[in-house]
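Below you'll find the structure, written out as structure tokens, and then a few comments.
Residue numbers (the working numbering), protein chains in the order written: chain A, 4 to 174; chain B, 4 to 174.
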């Protein structure tokens, strides 16, 4: 299945497959005009997203705010979880029933200060897919240097978090 | 020393003591007009900050974006570290040489979905002060219910991260 996202003229990101009523996330929802709208893709067995922080995403002058780094790792992790979930079920991404994950836990190690003003690469590796849970390891790099490493434990969204007009079945 | 911030007419937050050239953090810098500008205070032996997310800080409808939760825990943790650092040295907050911390690692466990539309309380407890490192435990609550718990390992800012026109001594 891999590589299917890159064959079309328009390359769809993982997040383009989120159902519209679950596509408002500040980090990665395509329908959040104020948000980061990060977009994640398969790259072989790894996943990748790219993001250029704004000048105001600053920690101390010259360096990227750690909360943004955590946010990028978080959302790339839940996107990676969805992609891995579909792959584990042998299903096309976005097919019914939709899969959507939320974060159960997030760990970030800040290894080096992350320079502001350049595009960051966020690269994921699926560590475990087990039942409703996916664990991924994420590395965030600037100009080829890994500045932060994270681990995201994602779980399929609990039915209690679904919008009330949605079918109460698990998605 | 404790309680000194609450005696004046204007209550100063930890972050009000950050030197101006290190006060641009998107999460907690008083000079970042686009940022969250969170403000932290002592409350006995604990530290506390309050923050009401904006409607666009959404994860899925009705719930707060996990990246914002991580950001609040992160910045309240580094603020708590600074306050604890001064207290451990028996010094008044903001006195020279200034103390300023950055995050070495951040861990967040998302225990329950965090409701959007209410003020959140972020409460810290200093776990360890050792040399240039401070470890704090942070709980984030909504309406009295703990929704997330975090641990922040903060270290005094490395001199390489200081603005170039600043004295190269450790702060």
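All C-beta atoms in this analysis are idealised placements derived from N, C-alpha and C, irrespective of residue type, glycine included.
Practice item. Can you give me the start and stop residues for the beta strand (DSSP E) that residue 119 of chain B sits inside? Key: As a first step, residue 119 of chain B must be located in the second chain, where it is residue number 116. Element bounds for residue 119 of chain B: n/a, residue is neither H nor E.
Check your understanding: So which residues of chain A does residue 28 of chain B contact, with C-beta pairs closer than 9 Å?
Key -> The sequence position of residue 28 of chain B within the second chain is 25, counting from 1. Within chain A, the residues near residue 28 of chain B are 61, 62, 63, 68, 69, 70.
Exercise for review: Determine the burial state of residue 52 of chain B: buried for a count of at least 16 other Cβ atoms within 10 Å of its Cβ, exposed for fewer.
Suggested key: Counted from its first residue, the second chain places residue 52 of chain B at position 49. Looking at its Cβ environment, which holds 16 or more other Cβ atoms inside 10 Å, residue 52 of chain B is buried.
Point to revise | Top-ranked residue by Cα proximity to residue 101 of chain B, from B/59, B/17, B/22 | key: In the second chain, the residue the question calls residue 101 of chain B occupies position 98. That would be B/22, whose Cα lies nearest to the Cα of residue 101 of chain B.
Point to revise | Residue burial classification, residue 57 of chain B (beta-carbon count within 10 angstroms, cutoff 16) | key: The residue labelled residue 57 of chain B in the question sits at position 54 within the second chain. Answer is exposed; the Cβ neighbour count stays below 16.
Practice item. Can you grab the Cα-Cα spacing for the pair residue 134 of chain B / residue 95 of chain B, in whole Å? Key: Here residue 134 of chain B refers to the residue found at position 131 of the second chain. Here residue 95 of chain B refers to the residue found at position 92 of the second chain. For the pair residue 134 of chain B and residue 95 of chain B, the Cα-to-Cα distance works out to about 18 Å.
Exercise for review: Reducing DSSP to helix, strand and coil, say where residue 90 of chain B ends up.
Suggested key: Position 87 of the second chain holds residue 90 of chain B. Of the three classes helix, strand and coil, the one that applies to residue 90 of chain B here is helix, per DSSP.
Point to revise | Chain-ordered chain B contacts of residue 43 of chain A [CB-CB under 8 Å] | key: The count along the first chain starts at 1 and reaches residue 43 of chain A at position 40. Under the 8 Å cutoff, chain B gives no residues; its nearest Cβ is about 14 Å from residue 43 of chain A.
Check your understanding: Between the beta-carbon of residue 129 of chain A and the beta-carbon of residue 157 of chain A, is there less than 8 Å?
Key -> Translated into the one-based positions of the first chain, residue 129 of chain A becomes position 126. Translated into the one-based positions of the first chain, residue 157 of chain A becomes position 154. For residue 129 of chain A and residue 157 of chain A, no; Cβs fall outside 8 Å.
Practice item. Consult DSSP for residue 78 of chain A and reduce its assignment to one of helix, strand or coil. Key: What you label residue 78 of chain A is simply residue 75 of the first chain in a count that begins at 1. If DSSP states are grouped into helix, strand and coil, residue 78 of chain A belongs with the helices.
Exercise for review: Report the rounded CA-to-CA distance for residue 71 of chain A versus residue 74 of chain B, giving the unit in angstroms.
Suggested key: Stepping through the first chain from its first residue, residue 71 of chain A is reached at position 68. Stepping through the second chain from its first residue, residue 74 of chain B is reached at position 71. Taking the straight line from one Cα to the other gives about 7 Å.
Review point. Residue 16 of chain B: which of B/61, B/83, B/69 sits nearest, CA to CA?
Key: Sequence index remark: in the second chain, residue 16 of chain B carries index 13 (1-based). Ranking B/61, B/83, B/69 by Cα distance to residue 16 of chain B puts B/83 first.
**Study point:** Segment contact, 8 Å Cβ cut-off, at least three pairs: the stretch 105-119 of chain A with the stretch 101-115 of chain B
**Key:** yes
Check your understanding: On the three-state DSSP scale, how would you describe residue 6 of chain B?
Key -> Along the second chain, read from residue 1 onward, the residue named residue 6 of chain B stands at position 3. At residue 6 of chain B the pLDDT is 46, less than 50, meaning the model places this residue with poor confidence and gives no usable figure here.
Review point. Mind checking whether residue 38 of chain A and residue 66 of chain B have CB atoms under 8 Å apart?
Key: To locate residue 38 of chain A, count along the first chain from 1; it is residue 35. To locate residue 66 of chain B, count along the second chain from 1; it is residue 63. For residue 38 of chain A and residue 66 of chain B, no; Cβs fall outside 8 Å.
Point to revise | Per-residue contacts from residue 77 of chain B into chain A (C-beta, under 8 Å) | key: Position 74 of the second chain, counting from 1, holds the residue named residue 77 of chain B. In chain order: 69, 70, 73.
Point to revise | Contact set for residue 122 of chain A: own chain, Cβ-Cβ below 6 Å, skip 5 residues either direction | key: Working through the first chain from its first residue, we reach residue 122 of chain A at position 119. These residues qualify, in order along the chain: 53, 55.
Practice item. Return yes when the Cβ of residue 90 of chain B is within less than 8 Å of the Cβ of residue 160 of chain B, no when it is not. Key: Working through the second chain from its first residue, we reach residue 160 of chain B at position 157. Working through the second chain from its first residue, we reach residue 90 of chain B at position 87. No. Outside cutoff.
Point to revise | Rounded separation between residue 132 of chain A and residue 85 of chain A - CA only | key: The residue you call residue 132 of chain A lines up with position 129 of the first chain. The residue you call residue 85 of chain A lines up with position 82 of the first chain. Roughly 10 Å between the two C-alpha positions.
Point to revise | Residues within the stretch 150-163 of chain B neighbouring chain A, beta-carbon criterion of under 8 Å | key: 160, 161, 163
**Study point:** Where residue 41 of chain B sits in the DSSP three-state scheme
**Key:** As a working mapping, residue 41 of chain B is identified with position 38 in the second chain. In this structure, residue 41 of chain B counts as coil in the three-state DSSP scheme.
Practice item. Consider the Cβ of residue 37 of chain A: report whether some Cβ of chain B lies at a distance smaller than 8 Å. Key: To locate residue 37 of chain A, count along the first chain from 1; it is residue 34. Closer than 8 Å: yes.
Review point. Residue 107 of chain B touches chain A at which residues, Cβ-Cβ below 8 Å?
Key: To locate residue 107 of chain B, count along the second chain from 1; it is residue 104. By Cβ distance, chain A contributes 112, 113.
**Study point:** Which residues DSSP lists as bridging residue 107 of chain A, in chain order
**Key:** In the first chain, counting from the first residue as 1, residue 107 of chain A sits at position 104. Note: residue 107 of chain A sits in no beta bridge, so no partner.
Review point. CB-CB under 7 Å to residue 19 of chain B, same chain, minus the five flanking residues each way: which ones, in chain order?
Key: The sequence position of residue 19 of chain B within the second chain is 16, counting from 1. Same-chain partners within the cutoff: 33.
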